[in-house]
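Quick note: the sequence shown uses the working numbering, first residue 3, plus one each step.
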Amino acid sequence: MSQPPPTLAEITRAIRNVPDFPQPGIQFKDITPVLGDGRLFAATVDALIGRFAPGQVDAVAGIDARGFIFAAAAAVKLQAGLVPVRKKGKLPYQTIEESYELEYGSNTLAIHADAVKPGNRVLLLDDLLATGGTARAAATLLRRLGAEILEVGFVIELSFLQGRAKLREFPVRSLIAF
Ligand code: AMP
Numbered sequence: 003m004s005q006p007p008p009t010l011a012e013i014t015r016a017i018r019n020v021p022d023f024p025q026p027g028i029q030f031k032d033i034t035p036v037l038g039d040g041r042l043f044a045a046t047v048d049a050l051i052g053r054f055a056p057g058q059v060d061a062v063a064g065i066d067a068r069g070f071i072f073a074a075a076a077a078v079k080l081q082a083g084l085v086p087v088r089k090k091g092k093l094p095y096q097t098i099e100e101s102y103e104l105e106y107g108s109n110t111l112a113i114h115a116d117a118v119k120p121g122n123r124v125l126l127l128d129d130l131l132a133t134g135g136t137a138r139a140a141a142t143l144l145r146r147l148g149a150e151i152l153e154v155g156f157v158i159e160l161s162f163l164q165g166r167a168k169l170r171e172f173p174v175r176s177l178i179a180f
């Protein structure tokens with residue numbers, strides 16, 4: 003007999019907390035135990051896809067780097083294209099860029115200028131929402147290309163960092179909140 007699909011509680015228990023990585027004071031949420039378990043990985047992708055069905059999404063955009071993993075799997079299931087939103091300097095063709103502030107310094111994301119067409123319906127995914135700057139920059143890039151952002155989805159949301167406040171213009175959904 004086949005096993006029932008895992009619950010969100012089971013997925014939550016598999017997320018590993020790594021203190022002081024990559025720097026002191028950061029509690030890194032390591033999703034590799036979820037990826038390494040086929041049942042948990044599949045259930046996480048299904049939950050991220052949520053209400054969307056094939057034909058309703060033109061492209062799934064994933065944020066460098068762990069967002070790619072979920073976006074690629076979701077894109078295949080939705081029969082949609084995959085759009086990588088990358089750190090500056092990684093994409094080979096013509097790009098547009100968006101910078102955002104970090105606690106110390108700034109970061110820049112880039113997307114190919116022809117990655118989506120105006121009016122394309124896009125689901126944007128990343129593994130984790132912290133302060134929201136990364137997802138906001140990615141969503142802004144997609145919007146600059148004329149995409150309609152259906153939803154910005156995350157496996158994990160660190161609620162105490164209030165990243166949602168930076169994404170007010172977009173529908174935001176997370177599976178697991180800490
Ligand atoms: P932010 O722009 O502050 O929302 O940061 C989100 C991005 O940084 C995502 O791409 C996450 O993968 C990564 N990130 C931030 N904080 C953490 C954390 N505590 N554990 C794992 N990844 C994190």
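A virtual CB, placed ideally from N, CA and C, is assigned to each residue, including glycine.
As assigned by DSSP and simplified to three states, the class of residue i
| i | result |
| --- | --- |
| Arg41 | helix |
| Arg88 | strand |
| Asp66 | coil |
| Ala61 | strand |
| Gly135 | helix |
| Phe54 | coil |
| Leu1 | No answer is possible for residue 1: the residues shown for the chain start at 3 and end at 180. |
| Arg170 | coil |
| Phe72 | helix |
| Ala14 | One point to set straight first is that residue 14 is Thr, not Ala, in the sequence displayed. Reduced to three states, the DSSP call for Thr14 is helix. |
| Ile9 | First, the amino acid is wrong: residue 9 is Thr here, not Ile. Coil. |
Residues of its chain near residue i, where Cβ-Cβ distance is below 7 Å and the 5 sequence neighbours each way are ignored
| i | result |
| --- | --- |
| Gln81 | Pro56 |
| Phe23 | Phe30 |
| Gly121 | Gly148, Glu150 |
| Glu2 | For residue 2 there is no data in the structure shown, the boundaries of the chain being 3 and 180. |
| Asp39 | Ala16 |
| Ala45 | Pro7, Pro8, Ile13 |
| Thr97 | Ala112, Ile113, His114, Ala115 |
| Ile51 | Ala76, Lys79, Leu80 |
| Ala117 | Val85, Leu147 |
Contact set for residue i: own chain, Cβ-Cβ below 6 Å, skip 5 residues either direction
| i | result |
| --- | --- |
| Ala75 | Val47 |
| Leu42 | Pro8, Ile13, Ala16, Val36 |
| Arg2 | Nothing in the structure corresponds to residue 2, since the chain is present only between 3 and 180. |
| Ala77 | Val62, Leu84 |
| Val2 | Here the chain has residues from 3 to 180 only, and residue 2 is not among them. |
| Thr142 | Glu100 |
| Ala179 | Glu159, Ser161 |
| Arg68 | Asp129 |
One or two residues paired with residue i in a DSSP bridge
| i | result |
| --- | --- |
| Gly155 | Leu127, Arg175 |
| Glu150 | Arg123 |
| Lys31 | Asn19 |
| Gly192 | Nothing about residue 192 can be read from this structure; the chain reaches only from 3 to 180. |
Own chain, CB closer than 8 Å to residue i, minus 5 neighbours either side, in chain order
| i | result |
| --- | --- |
| Gly91 | Ala112 |
| Asp66 | Pro86, Val87, Arg88, Lys89, Lys92, Leu111 |
| Ser176 | Leu131, Gly155, Phe156, Val157, Ile158, Glu159 |
query = Taking the runs of the beta strand (DSSP E) that are 3 residues or longer, which of them lie wholly in the stretch 92-122?
reply = 97-103, 108-114
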